[in-house]
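The structure appears below as structure tokens.
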Amino acid sequence: MRKSIAIDMDEVLADTLKKVILQFNERTGMSIKKEDLLEKKLRTEYPEHVNHLNELLLERSFFRDLEVFPDAIRVVKRLSEHYDVFIATAAMDVPTSFDAKYAWLQEHFPFLDPQHFIFCGYKGIVATDYLIDDNPRQLRAFKGKGIIFDAVHNQSITEFDRVTSWQDVERYFFGDE
Ligand SMILES: [Mg+2]
């Protein structure tokens, strides 16, 4: 039987943080860079600006035009030829994101069956063999093999296998063939 892989969307397939920082800077007049957020989150680092963060995330189109990380499309396509691939996104964090996320997935990953899109909250209920996610909280809840996708906020986490790019995901599942 084919094994199954669940893949998170934000900060794994999509460079969500890049757009968040861009719009956060526009709204606050700040000039934060991704590197400034090592082991940090905007939400906890700048509590006085949380309203800006909430507002920009709640715009219905926010998730529609996020950049796809390099090689993600090619490697997910290759994975889908050998594994049952599911996209598991914690859309409950931003309930207004459903339609934009769905359209984004269909645009960039048209080879995936939309029946394999899981719009969820807690990923402890996802019963795939693997989960690729940047969020250690979700990986700890998951009961299969968790793989952490490198992000500025998760650098100190050492309890999961770590992948730093989609090329690295490809090496992880297929070796250097
Ligand atoms: Mg994520």
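Here my numbering is used: the first residue of the sequence shown is 1, the next is one more, and so on.
We put the CB at the ideal spot given by N, CA and C, even for glycine.
Point to revise | Paired residues, beta bridge with residue 145 - DSSP | key: Reading the sequence shown from its first residue, position 145 is the one you call residue 145. Note: residue 145 sits in a beta bridge opposite 130.
Review point. Do you know whose CA, among 73, 16, 169, 45, lies nearest residue 108's CA?
Key: The count along the sequence shown starts at 1 and reaches residue 108 at position 108. Residue 73 is the option with its Cα nearest to residue 108.
Practice item. With DSSP as the reference, please indicate the residues paired to residue 85 in a beta bridge. Key: Reading the sequence shown from its first residue, position 85 is the one you call residue 85. Beta-bridge pairing links residue 85 to 5.
Check your understanding: Would you say residue 11 touches ligand 1, meaning its beta carbon is less than 6 Å from a heavy atom?
Key -> In the sequence shown, residue 11 corresponds to position 11, counting from 1. It does: the Cβ of residue 11 is within 6 Å (strictly closer) of some heavy atom of ligand 1.
Check your understanding: What three-state label does DSSP hand residue 90 in the structure shown?
Key -> Start at 1 with the first residue of the sequence shown, and residue 90 comes out as number 90. Coil, per DSSP.
Review point. When we look at the beta-carbon of residue 125 and count the other beta-carbons within 10 Å, is it buried (16 or more) or exposed?
Key: Within the sequence shown, residue 125 is the residue found at index 125, counting from 1. Exposed is the call here.
Exercise for review: Please determine if the region 91 to 99 and the region 57 to 72 are in contact, where contact requires at least 3 C-beta pairs separated by less than 8 Å.
Suggested key: yes
Exercise for review: If I'm right that residue 155 touches residue 38 with Cβ under 8 Å, what's the distance once you round it to whole angstroms?
Suggested key: Looking up residue 155 in the sequence shown gives position 155. Looking up residue 38 in the sequence shown gives position 38. Yes, residue 155 and residue 38 are in contact; Cβ-Cβ is about 6 Å, under 8 Å.
Practice item. Could you tell me which of 152, 99, 86, 158 sits nearest to residue 17, measuring between CA atoms? Key: Along the sequence shown, read from residue 1 onward, the residue named residue 17 stands at position 17. Looking at the Cα atoms, 152 is the closest of the given residues.
Check your understanding: Between which two residues does the beta strand (DSSP E) carrying residue 162 extend?
Key -> Within the sequence shown, residue 162 is the residue found at index 162, counting from 1. Run containing residue 162: 161 to 163, per the beta strand (DSSP E) assignment.
Practice item. Assign residue 79 to buried or exposed, taking buried as 16 or more other Cβ atoms, counted over all protein chains shown, within 10 Å of its Cβ. Key: The residue labelled residue 79 in the question sits at position 79 within the sequence shown. Its Cβ being crowded by 16 or more others within 10 Å, residue 79 is buried.
Review point. Are the region 41 to 48 and the region 133 to 146 touching by the rule of at least three beta carbon pairs closer than 8 Å?
Key: no
Review point. Relative to ligand 1, is the shortest distance from any of its heavy atoms to the C-beta of residue 154 smaller than 6 Å?
Key: Walking along the sequence shown from the start, residue 154 turns up at place 154. For ligand 1, not one heavy atom lies less than 6 Å from the Cβ of residue 154.
Review point. What's the gap between the Cα of residue 3 and the Cα of residue 116?
Key: For the purposes of this step, residue 3 is identified with residue 3 of the sequence shown, where counting begins at 1. For the purposes of this step, residue 116 is identified with residue 116 of the sequence shown, where counting begins at 1. Going from the Cα of residue 3 to the Cα of residue 116 covers about 14 Å.
**Study point:** Buried or exposed (CB count within 10 angstroms, at least 16 for buried), residue 127
**Key:** Walking along the sequence shown from the start, residue 127 turns up at place 127. By the neighbour-count rule (16 or more Cβ atoms within 10 Å), residue 127 is not buried but exposed.
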